[in-house]
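Step one of this worksheet: look at the structure below.
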Amino acid sequence: MQSTLDKYKTTIPVTGMSCAACAVSVESMLKHSPGVIEAAVNYANQSVQVDFDPKVTDLHKMDEVLQSIGYGLIVEEDETLAAQEQEQIQREHYEALKNKVIWAGILTVPVVIIGMFFMNSFPYVNHIMLVLTLPVLAIFGKDFFVNAWKQAKNGKANMDTLVALSTGVAFLFSTFNTFFPAFWHARGLHPHVYFEASAVIIFFILLGKLMEERAKTSTTDALKKLIGLQPKTVRVFRNGQESEMEVKEVQLGDEIIIRAGEKIPVDGKVKSGKSNVDESLMTGEPIPAEKNAGDAVFAGTINQNGSFTFIAEKVGKHTVLAQIIQTVREAQGSKAPVQKLVDKIAGIFVPVVISIAVLTFMIWLIFGGENAVTQSLLAAVSVLVIACPCALGLATPTAIMVGVGKGAENNMLIRDAESLEKAYKVDTVVLDKTGTLTEGRPRVTEWIWTDEATDYERHFAAIRALESRSEHPLAGAIVNYISTSKPLNVTDFESITASGIQGKIDGVIYKIGTYRFLENAQILINENLQSRFKELSAQAKTVILIAADNKLIALAAIADQLKPGSAEAVLKLKKQGIEVHLLTGDNAQTAAAVAQEVGIPSFQAEVKPAGKMDFIKKLQSEGKTVAMVGDGINDSQALVQADVSIAMGKGSDIAMNVAKITLITSDLLALPRALNLSRKTVKTIRQNLFWAFIYNLIGIPVAAGILYPINGFLLDPMIAGGAMALSSVSVVANSLRLKSAKL
């Protein structure tokens with residue numbers, strides 16, 4: 001739960017929703033409740049994202065409001081327990097639904113057989129069908145009628161209203177004809193019964209819901225996998241004793257013991273021991289990371305071969321894994337812009353359908369001839385059944401849920417549906433250099449010994465000893481490059497700002513620094529080395545010169561190397577028709593070298609943070625949809641300004657908090673995959689909406705009897721019920737295709 005001084009924002013499970021119109025009802029009731037600032041219901045994952053003022057209301061009061069119209073909230077402080085409770089409720093609901101389908105089917109089959117083949121074959125046939133149909137409606141279809149009544153009491157209507165009206169009217173009409181056939185005989189008409197229609201409609205809709213529930217659970221697989229990465233128990237060394245406890249009992253500062261093969265339960269820093277940890281969840285890197293004392297470890301990652309102890313620094317909701325889970329949950333529950341339009345349509349859809357059904361009944365009653373009453377009833381019932389708006393309500397959220405889940409499985413953390421929907425429009429990408437295209441940490445790329453150097457190992461040890469004392473950012477690159485760690489006594493150490501360092505080891509004076517630093521010390525550099533120095537500098541590398549007793553002994557070239565996939569990622573973006581720009585605060589020479597190496601024709605160097613934002617504004621003023629990719633605090637302004645903001649997962653917390661999409665990997669190839677995922681998700685949403693709208697656009701007129709004057713076709717309510725169920729399942733199935741989509 002996120003909070004500010006005067007409001008809370010949380011995502012909480014909703015119970016009792018059976019259709020898109022239900023979601024609209026829940027949302028409407030909450031929005032009109034005192035203290036609720038905003039509410040957004042996601043029918044697909046049965047949750048509501050709500051902002052409210054805790055001084056005015058709380059979740060329990062909201063639950064009471066929803067209980068009055070047949071819904072409810074799972075109010076549980078622990079979000080994991082709430083998720084478990086919702087899963088338990090859904091599991092029980094699924095089992096109950098399955099039993100209803102089985103028993104409704106057992107009773108419906110004989111009703112259909114009798115109604116279609118033995119209607120007038122033996123006495124009391126109608127009474128037998130009535131007896132078989134009654135429990136289908138009164139027991140297995142009871143929820144439709146109960147919910148419809150609760151909705152009606154509050155002046156609302158949903159899918160249950162359509163089902164209750166259609167099956168109820170057909171059943172009552174048939175019951176009347178069963179007990180009072182003389183009423184129709186006296187008017188020269190045969191009293192038809194439609195018990196099979198009522199039973200089959202209930203059966204098909206229950207079957208459709210069962211298939212829908214089963215399919216919807218598949219859309220949350222990614223979230224379940226993430227939650228499954230959290231171990232349940234942990235060994236803690238506290239007060240001088242080792243004990244096993246639940247992860248939720250771990251406190252900040254606890255010393256935690258991790259053995260080979262175990263999952264790390266919370267975030268922290270290694271205290272003692274060493275191991276290799278599989279961090280592919282966080283980084284996407286297949287190679288395990290070596291962990292020594294002082295290194296960070298993260299919840300959900302897997303220890304491999306060694307054992308170690310670490311100190312807990314982030315627990316509960318504050319671990320990186322917990323934040324990823326919450327972000328995925330909120331993104332799956334958030335609404336794409338197109339869904340807001342769909343919600344409005346769903347909100348007025350049911351009243352419009354009821355009006356069409358009444359109008360259909362009246363037209364048939366007036367112009368239907370000798371069977372006007374029967375045909376008017378059939379047509380009205382078919383309209384009510386076929387128009388259930390489930391497919392319309394599921395079209396967008398199921399695609400969003402699968403898309404966000406697919407992203408999570410491919411190292412893309414998508415924070416909201418709007419970004420996922422908007423990313424497909426991106427035609428311009430602006431890339432930061434350091435940490436985005438490059439690794440973000442300088443490394444020694446070349447080491448050149450001169451003829452003056454003889455004892456390489458002794459020089460390496462001396463150079464490392466001196467650089468270990470330096471505070472210059474590049475010193476670490478040299479220290480990391482030299483593997484030897486022979487302890488040496490350094491005297492007369494001196495650091496000259498912006499020039500270099502010098503010191504004496506075993507009577508030898510070493511000088512390490514810039515070209516000018518050694519030149520000022522009158523240390524000669526021959527033409528060959530000068531040529532090599534210029535060549536390396538032209539490649540945007542920083543060249544460090546090293547001298548011993550006033551003789552040049554080595555050159556070290558240091559650079560922030562390109563990530564392996566950077567050039568390929570840029571090429572893929574270009575193939576997608578996307579314009580790519582490079583913005584960096586680094587110097588023009590370095591920017592030009594990097595831009596040339598990765599194939600970016602347009603670059604800007606020495607750009608301040610505000611300048612990055614201004615550059616994006618300029619692109620937007622030209623009508624372009626811009627995605628900004630960065631990893632540092634200096635990118636935060638540009639990320640906010642961009643249409644789609646994307647952060648690299650190894651970047652600063654501020655950049656990741658600002659960005660709407662985070663690539664939880666150092667591999668830039670995740671960027672074209674993310675944009676491709678957006679395109680495929682939007683395509684799926686459009687397909688779903690097309691079929692949902694086309695289904696109702698064609699189905700309702702056909703059900704109303706528009707084809708009857710042409711070819712005598714009048715849609716049977718049984719077929720309408722089957723078609724309605726199939727439409728919902730087809731939309732969910734189409735969304736699930738995203739799970740196997742190639743990015």
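Sequential numbering of the sequence shown, starting at 1, is according to full-length UniProt numbering.
Glycine included, C-beta positions come from ideal geometry on N, C-alpha and C.
Note that the structure is a prediction, hence the values are computed from the model and not measured.
Reduced DSSP secondary structure (H/G/I, E/B, other) of residue i
i: E467; result: helix
i: L488; result: coil
i: R259; result: coil
i: K9; result: strand
i: S3; result: Reliability fails at S3, whose pLDDT of 48 lies under 50, so the model's placement of it is uncertain and the value that follows must be treated cautiously. The answer is strand: DSSP assigns S3 an E or B state.
i: V702; result: helix
i: D160; result: helix
i: A627; result: strand
i: H472; result: coil
i: K680; result: helix
i: T319; result: coil
i: T219; result: For T219, the pLDDT reaches just 48, beneath the cut-off of 50, and the residue's location in the model is therefore unreliable, although a value from the coordinates is still provided. In this structure, T219 counts as coil in the three-state DSSP scheme.
i: S362; result: Ser is not the amino acid found at residue 362; the sequence shown has Met there. Note: M362 maps to helix in three-state DSSP.
i: T301; result: coil
i: R415; result: coil
i: I128; result: helix
i: T454; result: coil
i: L669; result: coil
i: A557; result: strand
i: E95; result: helix
i: S735; result: helix
Beta-carbon gap between residue i and residue j smaller than 9 Å
i: V629; j: V350; result: no
i: F237; j: I257; result: yes
i: I400; j: I685; result: yes
i: T398; j: D586; result: no
i: L66; j: T396; result: no
i: V320; j: D278; result: no
i: M129; j: V111; result: yes
i: V50; j: V36; result: yes
i: I205; j: V247; result: no
i: V315; j: V250; result: yes
i: V101; j: F203; result: yes
i: K274; j: E290; result: yes
i: V580; j: I600; result: yes
i: I512; j: I544; result: yes
i: G16; j: Y71; result: yes
i: K271; j: A293; result: yes
i: I664; j: M412; result: yes
i: T108; j: V200; result: yes
i: L437; j: S566; result: yes
Distance between beta carbons of residue j and residue i, contact taken as under 8 Å
i: N410; j: A692; result: Wrong, their Cβ atoms sit about 28 Å apart, outside the cutoff.
i: A556; j: W447; result: 5 Å
i: A462; j: Y510; result: 6 Å
i: S645; j: A659; result: 4 Å
i: T167; j: L137; result: 6 Å
i: L583; j: A595; result: The Cβ separation is near 10 Å, so there is no contact.
i: E313; j: L384; result: No, E313 and L384 are not in contact; Cβ-Cβ is about 59 Å, not under 8 Å.
i: L378; j: L714; result: 6 Å
i: D560; j: P442; result: 5 Å
Pairwise C-alpha distance: residue j and residue i
i: V640; j: E606; result: 20 Å
i: T484; j: D643; result: 49 Å
i: I578; j: V14; result: 41 Å
i: E255; j: F310; result: 6 Å
i: V444; j: T681; result: 43 Å
i: T614; j: T428; result: Inspection of the sequence shows that residue 614 is occupied by Asp rather than by Thr. Cα to Cα, D614 sits roughly 15 Å from T428.
i: P564; j: D506; result: 42 Å
i: D492; j: K551; result: 19 Å
i: H459; j: E452; result: 11 Å
i: A465; j: P487; result: 7 Å
i: N42; j: T10; result: 13 Å
i: K742; j: Q637; result: 33 Å
Near the ligand SAM: residue i beta-carbon under 8 Å from a heavy atom
i: V320; result: The ligand SAM is absent from the structure shown, which contains no ligand whatsoever.
Report yes or no: do three or more beta-carbon pairs, one from the region 131 to 143 and one from the region 191 to 202, lie closer than 8 Å? Result yes; three or more Cβ-Cβ pairs closer than 8 Å.
Taking contact to mean at least 3 C-beta pairs separated by less than 8 Å, is the region 467 to 474 in contact with the region 569 to 584? Judged by Cβ distances under 8 Å, the region 467 to 474 makes no contact with the region 569 to 584, as fewer than three pairs qualify.
Mind the definition here: the region 723 to 733 touches the region 691 to 707 only if three or more C-beta pairs lie below 8 Å; say whether that holds. For the pair of segments examined, the region 723 to 733 was found to touch the region 691 to 707: the number of CB pairs separated by less than 8 Å reaches three.
Three or more C-beta pairs below 8 Å linking the region 589 to 600 and the region 527 to 546: Judged by Cβ distances under 8 Å, the region 589 to 600 makes contact with the region 527 to 546, as three or more pairs qualify.
Quick one: any contact between the region 598 to 605 and the region 700 to 714, if contact means 3 or more CB pairs under 8 Å? Between the region 598 to 605 and the region 700 to 714, the count of Cβ pairs shorter than 8 Å is below three; the stretches do not touch.
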